[in-house]
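Using the working numbering, the letters of the sequence shown map in sequence onto residues 23 to 270.
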Amino acid sequence: MTEINKILRQLGLEEQEVKTYLALLDLGESTATKLAERTGLGRVHMYQIVNRLIEKGLASYIVKNNVKYFSASDPEILLKDIQQKTQNLQKILPELKMRQKRFVPETKVEIYRGREGINTIFKMVLKDEKPYYIIGGAEEACTIFELENTVFVKRAEKLKLQGKTLARKKDKFFIGKNEEYRFIPEQLISSTTQMLWGNKTAIFVWSEPYYAILIDNEEITKSNLATFDYLWKNAEIPTKNDENERKI
Numbered sequence: 023m024t025e026i027n028k029i030l031r032q033l034g035l036e037e038q039e040v041k042t043y044l045a046l047l048d049l050g051e052s053t054a055t056k057l058a059e060r061t062g063l064g065r066v067h068m069y070q071i072v073n074r075l076i077e078k079g080l081a082s083y084i085v086k087n088n089v090k091y092f093s094a095s096d097p098e099i100l101l102k103d104i105q106q107k108t109q110n111l112q113k114i115l116p117e118l119k120m121r122q123k124r125f126v127p128e129t130k131v132e133i134y135r136g137r138e139g140i141n142t143i144f145k146m147v148l149k150d151e152k153p154y155y156i157i158g159g160a161e162e163a164c165t166i167f168e169l170e171n172t173v174f175v176k177r178a179e180k181l182k183l184q185g186k187t188l189a190r191k192k193d194k195f196f197i198g199k200n201e202e203y204r205f206i207p208e209q210l211i212s213s214t215t216q217m218l219w220g221n222k223t224a225i226f227v228w229s230e231p232y233y234a235i236l237i238d239n240e241e242i243t244k245s246n247l248a249t250f251d252y253l254w255k256n257a258e259i260p261t262k263n264d265e266n267e268r269k270i
């Protein structure tokens, strides 16, 4: 299919109508028999096809000696037709917008239990390949789940995923080369961890029985991320020595 054929099809013409219209442009004034020969379409159907083109304003005919001769209309009419349709749409667009119902995305909430469940969320973050943001529970995560966090950090580094962590200054934790961290006052965060990435928010509880709550909702995560950004901008930046000691 040539580009011309493709565009004409997009404008609402059927394949047989496109062939016939292009044949009329090439041949000029033509009989149904001549058009059938040129297009390879049956003569009986040719009248039906040409009549559809006439209805669309793309063809016309004259009668000579009781024989119909068909001609193509100026291609400019296609552009005028589009302009007219655009104007008509603009007239009703305000009403369409008023009728539009606001789409509220469904919130998906899941609970993951035990080490295996929490590790599943770590794998999910890696699979989604989005930057991740962590608030609180840095020491708990890096001690109770030391092995799992070490594996996660190394894999995230290989995938070149960027991570940011907000922690308490007293926390003992480690970070990867792809991660940044800052300190915020203890009263602003707890021993639980909130992890944000993409449209997801995960809340980790590091006391037994270990579990995590996963919330998949764009609005909730966006709101949590706004809080993270505010805290990050006002957080204490660690020294270079501190950074070097924590990197693994």
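Positions of the beta carbon are idealized from the N, C-alpha and C atoms, including for glycine.
In this text, all values refer to a predicted model and were calculated from it rather than measured experimentally.
Through-space distance from Y154 to L253, alpha-carbon basis: Position 231 of the sequence shown holds residue 253. Position 132 of the sequence shown holds residue 154. Whole-angstrom Cα-Cα distance: 15 Å.
Pairwise C-alpha distance: D193 and A248: The residue you call residue 248 lines up with position 226 of the sequence shown. The residue you call residue 193 lines up with position 171 of the sequence shown. Distance between the alpha carbons of A248 and D193: 24 Å.
Cα-Cα separation, I140 to L169: Working through the sequence shown from its first residue, we reach residue 140 at position 118. Working through the sequence shown from its first residue, we reach residue 169 at position 147. If you take the alpha carbons of I140 and L169, they lie about 12 Å apart.
Short Cβ contact (7 Å threshold) for M206 with A160: Residue numbering aside, residue 206 sits at position 184 when the sequence shown is read from its first letter. Residue numbering aside, residue 160 sits at position 138 when the sequence shown is read from its first letter. Checking the displayed sequence, the identity of residue 206 turns out to be Ile instead of Met. No.
Nonlocal neighbours in the same chain, by C-beta distance under 6 Å from Q99, ignoring five residues either side: Start at 1 with the first residue of the sequence shown, and residue 99 comes out as number 77. One detail in the question is off: residue 99 reads as Ile in this sequence, not Gln. G79, listed in sequence order.
Integer Cβ distance of Q344 from I157, believed to fall under 8 Å: This structure leaves residue 344 out entirely; the chain is present only between 23 and 270.
Which residues DSSP lists as bridging V175, in chain order: Numbered from its first residue, the sequence shown carries residue 175 at position 153. DSSP output for V175 lists no bridge partner at all.
Proximity below 7 Å, CB of I259 to CB of R204: In the sequence shown, the residue the question calls residue 259 occupies position 237. In the sequence shown, the residue the question calls residue 204 occupies position 182. The answer is yes: Cβ separation under 7 Å.
Own chain partners of G64 with C-beta closer than 7 Å, once the 5 adjacent residues on each side are dropped: As a position in the sequence shown, residue 64 is number 42, starting the count at 1. Closer than 7 Å at the Cβ level, and outside the excluded window around G64, lie A58.
Buried or exposed by the 16-neighbour rule on C-beta atoms within 10 Å, applied to R268: On the sequence shown, residue 268 is found 246 positions in, with the first residue counted as 1. With 16 or more Cβ atoms within 10 Å of its Cβ, R268 is classed as buried.
Contact the region 99-112 vs the region 64-76: 3+ CB pairs below 8 Å: no
Pair within 7 Å by beta-carbon distance, T223 and I211: Numbered from its first residue, the sequence shown carries residue 223 at position 201. Numbered from its first residue, the sequence shown carries residue 211 at position 189. Contact flag unset, no.
DSSP three-state assignment for S245, whether helix, strand or coil: For the purposes of this step, residue 245 is taken as the residue at position 223 of the sequence shown. In the three-state scheme derived from DSSP, where H, G and I count as helix and E and B as strand, S245 is classed as helix.
Segment contact, 8 Å Cβ cut-off, at least three pairs: the region 29-40 with the region 106-119: no
CB contact flag (A45, T61, <7 Å): For this step, residue 45 is matched to residue 23 along the sequence shown. For this step, residue 61 is matched to residue 39 along the sequence shown. Yes, the pair counts as a contact, with Cβ atoms nearer than the cut-off.
Cβ pair E162, W228 closer than 7 Å: Numbered from 1 along the sequence shown, position 140 holds the residue referred to as residue 162. Numbered from 1 along the sequence shown, position 206 holds the residue referred to as residue 228. Yes, the pair counts as a contact, with Cβ atoms nearer than the cut-off.
D238 - partner residues in DSSP beta bridges: By 1-based counting over the sequence shown, the position of residue 238 is 216. Note: D238 sits in a beta bridge opposite K130, K222.
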